[in-house]
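Trainee:
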Amino acid sequence: MTNSLRRDALLRFKVETDLARAVEATARQRGQTVSEFTRQCLRAQLAVHGVHLDPDDSPDPAAPAAALRAA
Numbered sequence: 005m006t007n008s009l010r011r012d013a014l015l016r017f018k019v020e021t022d023l024a025r026a027v028e029a030t031a032r033q034r035g036q037t038v039s040e041f042t043r044q045c046l047r048a049q050l051a052v053h054g055v056h057l058d059p060d061d062s063p064d065p066a067a068p069a070a071a072l073r074a075a
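Position in the sequence shown counted from 1, then plus 4, gives you the numbering used here.
1. Just verifying my parser: in three-state terms, what is the DSSP assignment at valine 55?
2. Give the range of the alpha helix (DSSP H) segment to which alanine 29 is assigned.
3. At the level of alpha carbons, what is the spacing between threonine 42 and leucine 15?
4. If you count every other CB in all the chains shown that lies within 10 Å of the CB of alanine 51, and 16 or more means buried, which is it?
5. How long is the line joining the alpha carbons of alanine 31 and histidine 56, rounded to whole angstroms?
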């Protein structure tokens with residue numbers, strides 16, 4: 005899956021090994037890169053906390069994997 009939106013910032017942070025493995029496995033199941041899956045999940049969680057960002061046109065991380073591959 006490629007996305008032509010520009011991603012020019014880098015965010016790095018440390019997590020527990022089991023969290024990293026879970027993110028990698030879930031992203032793979034959804035047919036996404038770890039970066040795309042993590043970015044979408046962070047955007048969704050920020051929205052829950054009232055942070056309003058510019059609209060994002062990439063697939064919803066909660067969407068079924070088949071729908072993501074079809075896009």
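Just so you know, even glycine gets a beta-carbon here, dropped at the ideal spot from N, CA and C.
Since this is a predicted model, take the numbers as computed values, not measurements.
Mentor: Working from what's here:
1. coil
2. 21–33
3. 11 Å
4. exposed
5. 24 Å
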